[in-house]
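To start, the structure itself, in C-alpha cells.
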Amino acid sequence: MAKTVFKRPKSLKENIFHYCPGCGHSIVHRLVAEVIDEMDIRGITIGVPPAGCAVLAYNYFDVDMIEAPHGRGPAMATAIKRALPDRVVFSYQGDGDLAAIGIAESIHAANRGENITVIFINNACYGMTGGQMAPTTMLKQRTTTSPAGRHETLDGYPVNVSEIFSQLKGSTYIERCIVNSPAGVNKTKKAIKKAFQCQVDGLGFSMVEILSLCPTNWKMTTIDSCKWMDEVMSKEFPPGVFKDNIAAKKSAEGA
Amino acid sequence: MNKVLMSGNNIIAEAAIRAGCRFYAGYPITPQNELTEYMAEHMRKADGGVFIQSESEIAAINMIAGASAAGVRVMTSSSSPGISLKQEGISSMAACELPGIIVNIMRGGPGLGNILPSQGDYFQATRGGGHGDYRTIVYAPGTCQELADLTMDAFDLADKYRTPVMILADGMMGQMMEPVIFKKPKPRQYSEKFMLRGAGAGKSKFIRGLYLDPIDSEEHNWKLARKYEVITKNETLHEEHNIEDAQMVIVAYGTAARIAKGAIKRLRDQGMKVGLFRPITLWPFPELKLRALSSKIKNFLVFEMSTGQMLEDVRLALQGYANIEFHGRPGGAVPTPAELANVIARLCDKND
C-alpha cells in the first residue's frame, strides 16, 4: 500500500510561489498552511498580508485575506478580531513592515494584548524593493542603502523585536525561530502552532519571529545564506522562547 | 421622538450608534474630543460595540478598514492634522471598496494651525485627499439637526456605494448645542458577500487594492470612476434660501452658510435682495443646480472660512456665465453676520 507522506496543505492554493529560489517565505507559508490544516481552522481563519514580498500572500493562502497598507496589519487584525472574536486572525509581516513603518501598530497591538497571532519574517533587508537596509540589518551588512555597511552611529543598531515585545505586559507568547535547517523548520512549525493555539485558547498576543533567508538580496548562494544565518544573524538575533505566559494564563483562568 | 439638546460632536456619535455603528477607533485631537469621549462612554454599552482609543490616526483608520471588511458599520473622527494622517487609509478603503464614515471637525491650518473653526480642508476632502484616482462622498451639515440626519444617511450611502463617506464640519459645528430629533434609522442593506468572515467550507476571498497587471489596474480604476459617476448623478444635495427674487446669491456651506443666513436677514431688512445657495454635498458638488441659477442671477459671492477653495468649484459650475466675488476668513477667524452683510452691501453698491 502506498502511503502519502508529503502533500500540498489544503490551506495552500495550487499557485506557484513567485518567491525567489531559496527564499524563506515559501517555507513559512507552507508551515502556516500546515498548522491551519492540522488545527482544522481554515474556515474561520482570516489573514492580513503586508506590503513587501508577501503582499501577494492571498495568491497562496486559501483562507480569507485582506491586504493592509504598509505596517498597518496589526491595526487591521486587531479590528477584525474584535469584530469577530471567534475567528482566528493573523498578520504576516516583514521586518520593514513590523519594525520600521508599522512598529507603532505592532507594539500597541501587543501591548493591548490583542488576541491575534503575528508571523514576523526577519530577513535583515527590504526584499521586494531591492535589498535596502531594514531595521534588522546587521552592523557592517552591505545593502543598497548602506553600501559601505550598516554603521551604528549613522544608521543605528539592529532592532531586537522579540526582546522588545517580550517586555510588554500585554504579550503572551513570543518566540524567535530560524528556517535555515530541517531542524529549524520543524521547530518553527511547532512555534507557529503554539502561537495559533494560544489565540484559539483566548490567551492573547502571540508572535513568532522567523529568521528567514534572502539569498537574492544578500547576494549569496542559498548554502552560504544558511551559514551566514548561523554565523552572523543568529548571534544578533538568538533563537529561543522570549516569553511564554501560556501556562500561567491558563492556570489563572482555571483558578 | 423627543427633542434633545446636545453638542454637535455628541450628536454625531449618538446618531452613529443609533444608525448601527458598532466599531469606532479614534485618537484625541481638539476640537472633536467630545465625539471620541462620547463613543468611549456609549459604544461599549451598545450590543457588540467596540471602542478603541488607537495609538495614532493612522492606526484608527486602518482599524475601521479592518472592522468594515469584517462586516461592521464603522466610524473614525478627527480634526484637520489628524485627517491628513488618515489619508493613507482613506485611499486604501476607496481602493478596497470598504464602507466607513470619517468625521473631520475642521480647525485652522496649515500645519498645526490652531484649534479654531475653519474650512481649510475643502480641497483635501473633495479631491480625494490621499493618493490615486478616487473620490470621497463629502457631507457638509449646516445645523445640528443635519449632523444627526446626515450622519445616519452617510452610513446608508457608504454601504450603498461601498465607499468611504466624510462628514465635514468645523469646530463651531462640533462645539455648538442645538435641539435635535433623532430619526429612525433605516434597516441596513449590505450583502454578506462583501464581508470577510472566514471561508467556512467554501471558497476563500480576498480584499485588495493591489493590481500589478496594468490592464487589471486600469479596469479597477475605471470601475471606481463609473461608480463615482453614478454618485455624482444621484446623490447631490443642496439648499436654496431666499433665491426667488435674489439679485445676488451667496454660495457658502456649513458654518459659513449659517453666518450668511444672518447676513441675508440683515440685508433684506434694508431692502437688498440677497439669497443663499448652500451645497450640502461638497463632493459630488451640486454643479448643475448652481449653473441653472446663472440663467437669471448674474452676481454670486463665494464666502468661505478659507482663502478660497470651494471658489474653484463655483467657477467650474458657473463657467463664466456670471460674476463671482469672494470673501474669505482663513486660519480660524470666524466673521460675524454683520461683517459679511457689510461686505455684501458694498458689493451691491458697486454692482448698481
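Heads up: the sequence lines are chains A and B, in that order.
Just so you know, we're using our numbering here: the first sequence kicks off at 1 and counts up by one.
Just so you know, we're using our numbering here: the second sequence kicks off at 1 and counts up by one.
All C-beta atoms, glycine included, are put in the ideal place defined by N, C-alpha and C.
Would you decide whether residue i is buried or exposed? Buried here means 16 or more other CB atoms lie within 10 Å of its CB.
{"i": "A:N122", "result": "buried"}
{"i": "B:L290", "result": "buried"}
{"i": "A:H18", "result": "exposed"}
{"i": "A:T117", "result": "buried"}
{"i": "B:V180", "result": "buried"}
{"i": "A:A110", "result": "buried"}
{"i": "B:I215", "result": "exposed"}
{"i": "B:M63", "result": "buried"}
{"i": "A:V179", "result": "buried"}
{"i": "B:M177", "result": "exposed"}
{"i": "B:L5", "result": "exposed"}
{"i": "A:W218", "result": "buried"}
{"i": "B:Q270", "result": "exposed"}
{"i": "A:W228", "result": "buried"}
{"i": "B:R358", "result": "The requested residue 358 of chain B does not occur in the structure, where chain B is confined to residues 1 to 352."}
{"i": "A:G102", "result": "buried"}
{"i": "A:Q264", "result": "Since the first and last residues shown for chain A are 1 and 255, residue 264 of chain A lies out of range."}
{"i": "B:P361", "result": "Nothing can be reported for residue 361 of chain B, as the shown portion of chain B is limited to 1 through 352."}
{"i": "A:A33", "result": "buried"}
{"i": "A:K7", "result": "exposed"}
{"i": "A:D62", "result": "buried"}
{"i": "B:P335", "result": "buried"}
{"i": "B:A13", "result": "buried"}
{"i": "A:T4", "result": "exposed"}
{"i": "A:D86", "result": "exposed"}
Rounded C-beta distance between residue i and residue j? I'm assuming under 8 Å.
{"i": "B:E88", "j": "B:G130", "result": "6 Å"}
{"i": "B:S92", "j": "B:A60", "result": "About 13 Å; that fails the 8 Å criterion."}
{"i": "B:V314", "j": "B:F303", "result": "Not quite, the Cβ-Cβ distance comes to about 10 Å (not below 8 Å), so this is no contact."}
{"i": "A:C198", "j": "A:K187", "result": "Actually they do not touch by this definition, with Cβ atoms about 16 Å apart."}
{"i": "B:E192", "j": "A:E105", "result": "That belief does not hold up - the Cβ atoms of B:E192 and A:E105 are roughly 28 Å apart, past 8 Å."}
{"i": "B:I105", "j": "B:A154", "result": "The Cβ separation is near 14 Å, so there is no contact."}
{"i": "B:L168", "j": "B:Y134", "result": "That pair is no contact at about 16 Å."}
{"i": "B:D156", "j": "B:K186", "result": "6 Å"}
{"i": "A:G24", "j": "A:I210", "result": "7 Å"}
{"i": "B:S79", "j": "B:Q119", "result": "Between B:Q119 and B:S79 the Cβ distance is about 12 Å, and since that is not below 8 Å, they are no contact."}
{"i": "A:F196", "j": "A:M39", "result": "6 Å"}
{"i": "A:G202", "j": "A:N115", "result": "6 Å"}
{"i": "B:L196", "j": "A:I66", "result": "6 Å"}
Name the chain A residues that come within less than 7 Å of residue i, Cβ to Cβ?
{"i": "B:A158", "result": "What B:A158 touches in chain A: nothing, since even the nearest Cβ is about 16 Å away."}
{"i": "B:K205", "result": "D64"}
{"i": "B:A210", "result": "Before going on, a small fix: residue 210 of chain B reads as Leu here, not Ala. The answer, in chain order, is V55, E67."}
{"i": "B:L196", "result": "I46, D64, I66"}
{"i": "B:G89", "result": "P69"}
Determine the chain A residues that contact residue i at a beta-carbon separation under 8 Å, and present them in chain order.
{"i": "B:V72", "result": "A83"}
Check the Cβ of residue i against every Cβ in chain B and list those closer than 7 Å, keeping chain order.
{"i": "A:R42", "result": "A199"}
{"i": "A:M207", "result": "What A:M207 touches in chain B: nothing, since even the nearest Cβ is about 17 Å away."}
{"i": "A:I164", "result": "Ordered by position in chain B, no residue passes the 7 Å Cβ test against A:I164, which lies about 15 Å from the chain."}
Cβ closer than 9 Å: which chain A residues qualify as neighbours of residue i?
{"i": "B:F23", "result": "A79, R82, A83"}
{"i": "B:V50", "result": "A79, R82, A83"}
Please list the partners that residue i has in chain B, where partner means a Cβ-to-Cβ separation under 9 Å.
{"i": "A:M76", "result": "N62, M63, A65, G66, A67, A69"}
{"i": "A:R142", "result": "Within 9 Å Cβ-Cβ: nothing; A:R142 doesn't reach chain B, min ~29 Å."}
{"i": "A:R72", "result": "I58, A59, I61, N62, M63, A65, G66, E88, G89, S92"}
{"i": "A:A104", "result": "E55, S56, I58, A59"}
{"i": "A:R87", "result": "A70, R197, G198"}
{"i": "A:H108", "result": "S54, E55, S56, A59"}
Whose Cβ in chain B lies nearer than 8 Å to the Cβ of residue i?
{"i": "A:Y173", "result": "In chain order: nothing, as chain B lies at least about 22 Å away."}
- [ ] Within the stretch 159 to 215 of chain A, note down every full beta strand (DSSP E) run reaching 3 residues or more, in order along the chain.
- [x] 171 to 178, 205 to 211
Task: Every unbroken alpha helix (DSSP H) within the stretch 47 to 89 of chain A, with a cutoff of 4 residues, ordered by chain - done: 73 to 83
Open item on the list: For the structure I just gave you, are there three or more beta carbon pairs, one from the stretch 209 to 221 of chain A and one from the stretch 127 to 146 of chain A, closer than 8 Å?
Closed with: yes
Task: Touching by the beta-carbon criterion (3+ pairs, under 8 Å), the stretch 230 to 250 of chain B and the stretch 270 to 285 of chain B - done: yes
TODO: Check distances from the C-beta atoms of the stretch 53 to 85 of chain B to those of chain D and list, in chain order, the residues that come in under 9 Å.
DONE: The displayed structure is made up of protein chains A and B, and chain D is not among them.
Open item on the list: Runs of 3 residues minimum, wholly inside the stretch 89 to 125 of chain A: which ones carry the beta strand (DSSP E) assignment?
Closed with: 117 to 122
Open item on the list: So within the stretch 237 to 289 of chain B, which uninterrupted beta strand (DSSP E) runs reach at least 3 residues, ignoring any that extend past its ends?
Closed with: 238 to 241, 248 to 251, 274 to 279, 281 to 283
Open item on the list: Check whether the stretch 154 to 165 of chain B and the stretch 333 to 351 of chain B touch, using three or more Cβ-Cβ pairs below 8 Å as the test.
Closed with: no
Open item on the list: I'd like the ranges of any alpha helix (DSSP H) spanning at least 4 consecutive residues and lying wholly in the stretch 135 to 215 of chain B.
Closed with: 144 to 161, 171 to 175
Task: Given 8 Å, three or more beta-carbon pairs between the stretch 71 to 83 of chain A and the stretch 157 to 166 of chain A - done: no
Open item on the list: Quick check on the DSSP output: what are the complete alpha helix (DSSP H) runs of length 4 or more inside the stretch 3 to 36 of chain B, in order along the chain?
Closed with: 8 to 18
Task: Secondary structure, alpha helix (DSSP H): runs of 4+ residues fully inside the stretch 300 to 337 of chain B - done: 310 to 318
Open item on the list: Contact between the stretch 87 to 96 of chain A and the stretch 48 to 63 of chain A is defined here as three or more beta-carbon pairs at a separation below 8 Å; is this criterion met?
Closed with: yes
- [ ] Would you check if there are 3 or more beta carbon pairs closer than 8 Å linking the stretch 248 to 262 of chain B to the stretch 214 to 231 of chain B?
- [x] no
- [ ] May I ask you to verify whether the stretch 219 to 227 of chain B touches the stretch 242 to 251 of chain B, counting CB pairs closer than 8 Å and requiring at least 3?
- [x] no
- [ ] Taking 8 Å as the threshold, find out whether the stretch 242 to 254 of chain A comes into contact with the stretch 120 to 127 of chain B through three or more Cβ pairs.
- [x] no
TODO: Enumerate, from N- to C-terminal direction, the unbroken alpha helix (DSSP H) stretches of 4 or more residues contained entirely within the stretch 9 to 36 of chain A.
DONE: none
Task: Length at least 3, wholly inside the stretch 64 to 109 of chain B: the beta strand (DSSP E) runs in chain order - done: 73 to 78, 100 to 106
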